[in-house]
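Enquirer: Note that UniProt numbering gives residue 152 to position 152 of the sequence shown, counting from 1, and the numbers run on in steps of one.
Virtual Cβ for every residue (Gly too), placed ideally from N, Cα, C.
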Amino acid sequence: MRFNLVQLFLQNDQNAHLRRMIVDLEAPRFDSGSIVSQDPAISYVWSEQSLNDDQRRAILKILVAKDYALILGMPGTGKTSTMVHAVKALLIRGTSILLTAYTNSAVDNLLIKLKAQGIDFVRVGRHEAVNEEVREHCLSETNVQCVEDIKIRLEQVKVVAVTCLGISSPLLANKRFDVCIMDEAGQTTLPVSLGPLRFASMFVLVGDHYQLPPLVQSTEARENGMGMSLFCRLSEAHPQAISALQSQYRMCQGIMDLSNALIYGDRLRCGSSEIANAKLEFSGLNCCLPWLEDVLNPGRPVIFIDTDMLPALEERDQKAVNNPTEAHIIAEVAKELVKNGIGGDNIGIITPYNSQANLIRHATCITSLEIHTIDKYQGRDKDCILVSFVRSCKNPTSCVASLLGDWHRINVALTRAKRKLIMVGSRKTLFKVPLLKLLIKKVEEQSGILTVSKNDIYREGELIRCSQIACSKQTLDIHK
1 MRFNLVQLFL QNDQNAHLRR MIVDLEAPRF DSGSIVSQDP AISYVWSEQS LNDDQRRAIL
61 KILVAKDYAL ILGMPGTGKT STMVHAVKAL LIRGTSILLT AYTNSAVDNL LIKLKAQGID
121 FVRVGRHEAV NEEVREHCLS ETNVQCVEDI KIRLEQVKVV AVTCLGISSP LLANKRFDVC
181 IMDEAGQTTL PVSLGPLRFA SMFVLVGDHY QLPPLVQSTE ARENGMGMSL FCRLSEAHPQ
241 AISALQSQYR MCQGIMDLSN ALIYGDRLRC GSSEIANAKL EFSGLNCCLP WLEDVLNPGR
301 PVIFIDTDML PALEERDQKA VNNPTEAHII AEVAKELVKN GIGGDNIGII TPYNSQANLI
361 RHATCITSLE IHTIDKYQGR DKDCILVSFV RSCKNPTSCV ASLLGDWHRI NVALTRAKRK
421 LIMVGSRKTL FKVPLLKLLI KKVEEQSGIL TVSKNDIYRE GELIRCSQIA CSKQTLDIHK
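1. Please determine, among Tyr210, Val162, Pro170 and Glu136, the residue with the shortest C-alpha to C-alpha distance to Ser193.
2. Go ahead and label Glu314 buried or exposed: buried means 16 or more other beta carbons lie within 10 angstroms of its beta carbon, across all protein chains shown.
3. Going by beta carbon distance, what residues of the same chain come within less than 8 Å of Ala245, once the five residues before and after it are set aside?
4. Please report the straight-line C-alpha distance between Ile464 and Asp308, rounded to a whole angstrom.
5. From the DSSP output, in three-state form, read off Lys432 for me.
6. Taking Gly343 as the reference, give the member of Thr429, Cys384 and Asn358 with the closest Cα.
7. Return the chain-ordered ranges of every alpha helix (DSSP H) run that is complete within the region 291–357 and spans a minimum of 4 residues.
8. Which first and last residues belong to the beta strand (DSSP E) in which Gly207 is found?
9. Is it buried or exposed for Ser229, if we count other Cβ within 10 angstroms and need 16 for buried?
10. Just the C-alpha distance for Asp477 and Thr325, rounded to the nearest angstrom, thanks.
11. Taking only three categories from DSSP, how would you classify Ala370?
12. On the three-pair Cβ rule with 8 Å, is the region 405–412 touching the region 441–457?
13. Tell me the DSSP secondary structure of Ile464 in three-state form.
14. I'd like to check one pair, Ser388 with Ala312: are the Cβ atoms closer than 8 Å?
15. Residues bridged to Cys180 by DSSP?
16. Could you check where the alpha helix (DSSP H) with Ser32 kicks off and where it finishes?
17. Can you tell me the Cβ-Cβ gap for Ala278 and His328, rounded? I've got them flagged as a contact below 8 Å.
18. Am I right that Glu184 and Gly207 are in contact with their C-beta atoms under 8 Å? What's the rounded C-beta distance?
19. Within the same chain, show all residues whose beta-carbon is closer than 7 Å to that of Tyr249, passing over the 5 residues directly before and after it, in chain order.
20. For the alpha helix (DSSP H) holding Ile71, just list the boundary residues, first then last.
21. Do the CB positions of Leu296 and Glu336 come within less than 8 Å of each other?
22. Whole angstroms are fine: how far does the CA of Leu91 sit from the CA of Thr415?
23. Between Asp24 and the rest of its own chain, which residues show a CB-CB distance below 7 Å, the 5 nearest in sequence each way excluded?
24. Looking only at its chain, what residues have a beta carbon closer than 7 Å to the beta carbon of Glu48, apart from the 5 residues adjacent to it on each side?
25. Where do the ends of the alpha helix (DSSP H) carrying Ser89 lie?
26. When the Cα of Leu234 is compared with those of Arg20, Ala101, Pro352 and Lys113, which residue comes out closest?
27. Under 8 Å by Cβ, that's how I've got Ile255 and Pro301 pegged, so tell me the actual separation to the nearest angstrom.
28. For Ser355, which residues in the same chain have their Cβ closer than 6 Å to its Cβ, ignoring the five residues on either side in sequence?
29. Bridge partners of Cys138, per DSSP?
30. Using only CA atoms, which one of Ala241, Asn260 and His238 lies nearest to Ser247?
31. Using the C-alpha atoms, what's the distance from Leu436 back to Leu430?
32. Is Val387 helix, strand or coil by DSSP?
33. Please state the DSSP three-state secondary structure of Gly254.
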């Protein structure tokens with residue numbers, strides 16, 4: 001990162017241009033004249049039927065940009081598909097393109113779609129770190145057979161892909177590109193972003209600064225601005241450079257309404273009526289407990305299970321915090337979903353805390369379930385998402401944590417589910433966080449609050465498990 005910053009201040013035309021854009025925040029330029037020209041790239045964008053209006057505008061923005069363009073990819077809006085068509089349009093012009101992102105998975109996800117479109121590319125990186133679907137396109141300094149062959153290949157190909165940190169590969173030392181397209185730009189620190197940008201005349205940043213910002217461990221670095229991505233910095237300085245993708249193809253209406261009310265100011269819209277009205281489809285709904293039937297009701301896309309009537313306080317072990325009662329509730333709901341025909345691979349369980357994720361993992365014992373922290377779930381989605389908020393104590397004011405107070409993290413949690421979002425938490429505690437208070441009120445407007453009592457969860461002082469009820473019924477049937 002230090003190397004990237006030092007390079008930025010070296011005296012040459014390329015670095016001087018980057019400094020004007022990034023340090024001095026000079027306004028980016030756009031060539032409005034070319035939009036009416038006989039440009040085959042622009043003709044392609046207008047004729048491509050699979051693009052919606054937002055995606056079309058975003059690609060046109062890229063095609064007329066002279067310095068940079070910003071693409072705000074809200075959740076589920078098809079930003080990867082937009083990037084694929086942007087690459088195709090740029091290639092019509094003969095443009096050389098550097099594709100990059102912070103993670104290998106983001107780079108490879110884009111390349112897999114490009115491969116499906118028959119687009120040739122080179123992937124630079126460690127062979128074992130690259131997805132096997134694109135490994136045949138991989139070049140690495142560790143498996144170079146002939147330097148001259150590598151040079152020829154890099155000169156012939158128009159699209160090269162590498163991670164932001166992998167840009168330092170000797171294979172790319174003297175390579176230059178017309179355009180750099182960076183995915184995950186909202187999660188990438190400014191110094192890391194500089195690495196790939198130095199290799200191109202113009203750049204495109206694709207991201208969402210309403211989701212998680214760059215992860216910066218140092219408090220001092222965070223307080224001094226390291227936690228702000230270049231995407232966020234430029235978005236705030238020059239909103240006219242942003243083209244927003246707003247038609248989403250992930251969340252049903254009820255789930256989307258939450259993130260619209262809390263974060264996006266009603267800018268998100270469902271891409272079709274099928275998306276808006278999508279519901280969980282059960283093989284046959286048969287629940288062992290009445291409250292579970294209420295939770296699974298497909299007509300209620302959003303449910304908040306309030307634990308305030310239970311002994312459901314959080315527990316601490318040194319720095320770790322978890323909530324065994326919430327873990328039990330989450331596990332029972334997950335098991336009922338699977339029992340009623342929802343595949344484990346269609347269910348995701350998320351929580352702010354690692355220790356809670358481990359506790360839920362132990363309680364469910366369903367290997368196909370993906371159970372992670374919210375931070376690890378960014379970029380992923382499932383038909384049904386279960387959220388455990390964990391925090392619950394006798395004095396709620398003293399128990400509000402920074403993890404729950406971060407609206408970026410809450411936004412990620414709310415936008416992972418396609419058809420059903422089930423949240424578990426202490427209403428009293430979460431009400432102390434303004435954004436979560438608004439969330440609970442919005443769920444209440446959808447009649448989605450479900451308060452569970454001791455009688456629902458406990459029997460003779462023990463937590464009720466549906467598996468035990470099923471065993472008891474089988475025993476009774478045998479005795480009959």
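Expert: Result, derived from the coordinates:
1. Val162
2. Here Glu314 is buried, its C-beta having at least 16 other C-beta atoms within 10 Å.
3. Sequence check: residue 245 is Leu here, not Ala. Counting only Cβ-Cβ distances below 8 Å, and skipping sequence neighbours, we find Asp54, Gln55, Ala58, Ile71, Leu72, Gly73, Met74, Thr77, Gly78, Lys79 and Thr82.
4. 18 Å
5. coil
6. Checking every option, the nearest Cα to that of Gly343 belongs to Cys384.
7. 324–339
8. Ala200 to Gly207
9. buried
10. At Asp477 the pLDDT is 44, less than 50, meaning the model places this residue with poor confidence; the figure from the coordinates comes in the next sentence. Each residue's alpha carbon lies about 31 Å from the other.
11. Per the sequence shown, the amino acid found at residue 370 is Glu instead of Ala. Here Glu370 sits in strand by DSSP.
12. no
13. coil
14. Contact check for Ala312 against Ser388 fails: the beta carbons are separated by 8 Å or more.
15. Here Cys180 is bridged, per DSSP, to Leu98 and Phe203.
16. Ser32 -> no alpha helix (DSSP H), and no H or E assigned at all.
17. The pair is not a contact, with the Cβ atoms about 29 Å apart (cut-off 8 Å).
18. 6 Å
19. Short of 7 Å from the beta carbon of Tyr249, and not among the five residues preceding or following it, lie these beta carbons of its own chain, in chain order: Gly76, Gly78, Gly271 and Ile275.
20. Per DSSP, Ile71 lies in no alpha helix (DSSP H); the unbroken beta strand (DSSP E) holding it starts and ends at Tyr68 to Gly73.
21. yes
22. 33 Å
23. none
24. His85
25. Residue identity differs from the one stated: residue 89 is Ala in this sequence, not Ser. It spans Lys79 to Ile92 - the alpha helix (DSSP H) in which Ala89 sits, taken as one unbroken run.
26. Arg20
27. Taking a contact as a CB-CB distance under 8 Å, the pair Ile255 and Pro301 counts as one, their CB atoms being some 6 Å apart.
28. Hits under 6 Å: Ala320 and Asn322.
29. DSSP lists Arg123 as partners of Cys138.
30. Asn260
31. 6 Å
32. strand
33. helix
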